[in-house]
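Under the working numbering, the letters of the sequence shown match residues 161 to 507, in that order. For glycine and all other residues, C-beta sits at the position ideal for the given N, C-alpha and C. These notes concern the structure reproduced below.
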Amino acid sequence: IQELTPKNIVDALSEEVLYLRHREELILAVLLTFCSPLRINFNRIDIRGWLNMIILGDTSTGKCIRGDSLLFTDFGMKKIKDIENFQTEKFLPIQDGLKVYGLKSPVEPTQTYKSKLAKTIKIKTKLGYVLEGTFNHPIMTLNANNELKFKMLEEIRLEDLAAIQYHQDYFPVFRDSHRMEVPDYFGAIQEFSLKDFRELSRFIGYLVGDGEVGSKGEQNYDQNRIRFTNGNKEIIRDYQRILEKFFDVKPKAIRDKRSKAISVGFGSQGVRDWLIDFGLLRVKSPEKEIPKKILSLDKANIREFLRGVFETDGFVSKRDVCIGVSSSSRKLIGELRVLLLNFGIIT
């Protein structure tokens, strides 16, 4: 039997088994027990004995969170499952130069990995932030000595202090020449700068709050209808102005005599399809979420989207001296809270 040094085994393991690019970030403790009937052909070398291996990596090695967990990337806020193609129990390289905001700054992940179905632990803080992951997934906590330490989810107990990362201020950056394609009422494609598009981001925020994109009625008009209802005349006027500027349509505002709410509606298949493609889903209020493409825009556009949402579903409480937003969609509220953390706002 050829004698192997720990270094040879470490090198062979990292090259032949793990397929990890950053091998220098791993510590591998290898224990070789001889006097065993088992014969192993390892890296073209015959070994008689048991080979036991412990892999110790940084805090992101070998631990998993739910696929719908949100991350901040240079392409915007995304669910981890949407970042790259995942295959079960396979390490796959990331080749597009993706950057993800890490502990202190953006980092370039090198591989993706998807585990088999496993039991998870869900934790919820007093502020209502939720994280779900495998038992050995670590999170940053504050110990009794006021030191930041990683602690696995299975070790978390009531009254533990979990660190909440905020004010990353990490948003996609675009060139000044970047253009956004938008259809007019008849479906003809127009192009607008990101600066001009901010008004449309606010418009989409309006629709997320108090809008309806199409219905599943039998009439074509119902299927293509975009309707917005609000009681604030100033917001209604702004909404109508945006419709005229970008879609070349001038729908009338109709007031409901009983509720005093004002509705503005029009039908356009081109505009409806564009909104759906943008991520504005045709769902009931409890199922609403932030449109995916909004999350891929720059900071100024995301700010205008938030403005639209808060203008419709927001409120100011004199008693609690706070600004808030209400929705029947838990998913929408959860996404808004994480998005606001990026602006440095804890809710």
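* Asked: Excluding sequence positions up to five away, which residues of its chain have a Cβ less than 7 angstroms from the Cβ of Phe352?
  -> Here residue 352 refers to the residue found at position 192 when the sequence shown is read from its first residue. Once the five neighbours on either side are set aside, the close Cβ partners of Phe352 are Arg339, Met340 and Val342.
* Report the residue ranges of all alpha helix (DSSP H) runs contained in full by the region 385 to 472; include only those spanning at least 4 residues, in chain order. => 393 to 407 and 429 to 438
* Residue from Leu466, Lys491 and Gly288 whose Cα sits closest to the Cα of Leu360 -> For the purposes of this step, residue 360 is identified with residue 200 of the sequence shown, where counting begins at 1. Residue Leu466 is the option with its Cα nearest to Leu360.
* **Backbone CA spacing between Lys444 and Asn305 [nearest angstrom]** => To locate residue 444, count along the sequence shown from 1; it is residue 284. To locate residue 305, count along the sequence shown from 1; it is residue 145. Cα-Cα distance, rounded: 48 angstroms.
* Asked: Can you list, in chain order, the residues of its chain whose CB lies under 7 angstroms from that of Phe334, leaving out five sequence neighbours each side?
  -> As a working note, residue 334 is residue 174 in the sequence shown. Here the set comprises Leu354 and Asp458.
* To do: List the endpoints of the continuous beta strand (DSSP E) containing Phe558.
  => The structure shown does not extend to residue 558, since the chain is modelled only from 161 through 507, so no value can be given for it.
* To do: Reducing DSSP to helix, strand and coil, say where Lys491 ends up.
  => For the purposes of this step, residue 491 is identified with residue 331 of the sequence shown, where counting begins at 1. The answer is helix: DSSP assigns Lys491 an H, G or I state.
* **Exposed unless 16 or more other CB atoms sit within 10 angstroms - verdict on Ser489** => Locating residue 489 in the sequence shown gives position 329, where the first residue counts as 1. With 16 or more Cβ atoms within 10 Å of its Cβ, Ser489 is classed as buried.
* As assigned by DSSP and simplified to three states, the class of Phe251 -> Mapped onto the sequence shown, residue 251 falls at position 91. Of the three classes helix, strand and coil, the one that applies to Phe251 here is coil, per DSSP.
* State the Cα-Cα distance for the pair Arg385 and Phe357, rounded to the nearest angstrom. => Taking the sequence shown and counting its residues from 1, the one referred to as residue 385 is at position 225. Taking the sequence shown and counting its residues from 1, the one referred to as residue 357 is at position 197. Those two C-alpha atoms are separated by around 22 angstroms.
* Can you say whether Val260 is buried or exposed, counting buried as having 16 or more other CB atoms within 10 angstroms of its CB? => For this step, residue 260 is matched to residue 100 along the sequence shown. Looking at its Cβ environment, which holds 16 or more other Cβ atoms inside 10 Å, Val260 is buried.
* Beta-carbon proximity check, Gly293 vs Thr280, cutoff 8 angstroms -> Within the sequence shown, numbered from 1, the residue matching residue 293 stands at position 133. Within the sequence shown, numbered from 1, the residue matching residue 280 stands at position 120. Yes, the Cβ-Cβ distance between Gly293 and Thr280 is below 8 angstroms.
* Nearest-angstrom Cα separation, counted from Glu307 out to Gly427 -> By one-based count along the sequence shown, residue 427 stands at place 267. By one-based count along the sequence shown, residue 307 stands at place 147. The alpha-carbon atoms of Gly427 and Glu307 are separated by roughly 58 angstroms.
* To do: Inspect the beta-carbon positions of His327 and Cys224 and report whether they are closer than 8 angstroms.
  => For the purposes of this step, residue 327 is identified with residue 167 of the sequence shown, where counting begins at 1. For the purposes of this step, residue 224 is identified with residue 64 of the sequence shown, where counting begins at 1. Contact flag unset, no.
* **Sequence-distant residues of the same chain with beta carbon closer than 8 angstroms to Arg204, five excluded per side** => As a first step, residue 204 is located in the sequence shown; it is residue number 44 there, counting from the start. At Arg204 the pLDDT is 47, less than 50, meaning the model places this residue with poor confidence and gives no usable figure here.
* Out of curiosity, what's the CA-to-CA distance linking Thr233 and Lys417? -> Along the sequence shown, read from residue 1 onward, the residue named residue 233 stands at position 73. Along the sequence shown, read from residue 1 onward, the residue named residue 417 stands at position 257. Their Cα atoms are separated by approximately 47 angstroms.
* To do: Specify, as a first and last residue, the run of the beta strand (DSSP E) that Ile483 falls within.
  => By 1-based counting over the sequence shown, the position of residue 483 is 323. Where Ile483 is concerned, the enclosing beta strand (DSSP E) stretches over Cys482 to Val485.
* Three-state secondary structure (DSSP) of Leu313 -> Looking up residue 313 in the sequence shown gives position 153. Leu313 falls in the helix class under three-state DSSP.
* Same chain only: Cβ atoms within 6 angstroms of Val485, ignoring 5 sequence neighbours per side -> The residue given as residue 485 occupies position 325 in the sequence shown. For Val485, where only same-chain residues beyond five positions count, the Cβ hits under 6 angstroms are Phe470, Asp473 and Gly474.
* Asked: Would you say the region 476 to 483 touches the region 492 to 500, given that touching needs at least three Cβ pairs under 8 angstroms?
  -> no
* Asked: What did DSSP end up calling Gln350 once you bin it into helix, strand or coil?
  -> Translated into the one-based positions of the sequence shown, residue 350 becomes position 190. Strand at Gln350.
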